[in-house]
Each structure stands twice: as structure tokens, then as C-alpha cells.
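In the numbering used here, the protein residues as written are 13 to 128. Note that beta-carbon positions come from the ideal geometry of N, C-alpha and C, so glycine has one too.
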Amino acid sequence: MNINDKSDEEILEIAHPMWDELVQFSNKGQYGKFIRKFSYELLLGLNEVELGKQFAHSELSRNLVEERDFLGLIRRGEHVTVLYRMRSTTKEGEWLGRMVLGYEKGEVRIFAVSIF
């Protein structure tokens, strides 16, 4: 399966709830729940100790405003990148949220995620 065979609307029906869960789990510091929809490929590449430290101590990742502004989709190969404008409850300004989705063993999984 290729996620790019789906329409924009079908992708967003999948992407928005996944992003909302990431924000919720990030704000609560629930690292185990945060990574539960990551692809096996992404999990293999993570330095979980270092990521866990960053996750626990990042002011931004623990204080995201739950409302998001969808900015667009970028389709490439067998993945789609979903872009969001994000804000913080403690830091002034805006950040770019990025989530890369694709199929792994018949399920849509997260292949990359970042906020910068």
C-alpha cells in the first residue's frame, strides 16, 4: 500500500488524530504512549536514552497548545509529510510541526516527527 494513493481528505482523517495524540502525550510527558505509533524503522534509529532525556526536559515539548493550524501536505515516494503551525503555552512565537506518515505492515505509522 502507498499512502499517496489516498486523497488529501483521507490522509487528514488519519493524520489529525495522530498529531493530536502526539501533542497530548508530549504535554503529559507520556513517552511510552508518544512513541507507540512510530514505525519500526524509526524506533530502530532512535537513541531512546537521549530522546527520553530531551523529551523529559524540553520546555517546548511539554507545553504545546493543543490547537493546531494545518499548513499542507508534501507527497514523496511512499510517504507523506503533514505540516502544522504550533504554539506554546510558555514560549512566545510559532513553531513548525512535521509528521511523516507511511504504511508499515498494512498500518499507517509515523516515520518521522519533529517540531522546530
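Checking the DSSP bridge columns, you'll see ILE86 partnered with THR93. When beta bridges are read from the DSSP output, GLU116 appears opposite GLU119. By a beta-carbon distance limit of 8 Å, HIS91 does not contact LEU76. Their separation comes to about 23 Å.
A Cβ-Cβ distance of about 5 Å is found for the pair GLY109 and MET98, placing them in contact under the 8 Å criterion.
In this structure, the beta-carbon distance from GLU78 to VAL35 falls below 7 Å. Secondary structure of PHE46 (DSSP, three-state): helix. Spanning the alpha carbons of ALA27 and GLU119 requires a straight line of approximately 13 Å.
Secondary structure at GLY109: strand, using DSSP grouped into helix, strand and coil.
Just measuring C-alpha positions, the residue of PHE123, PHE128, GLY89 and GLU116 sitting nearest GLU106 is PHE128.
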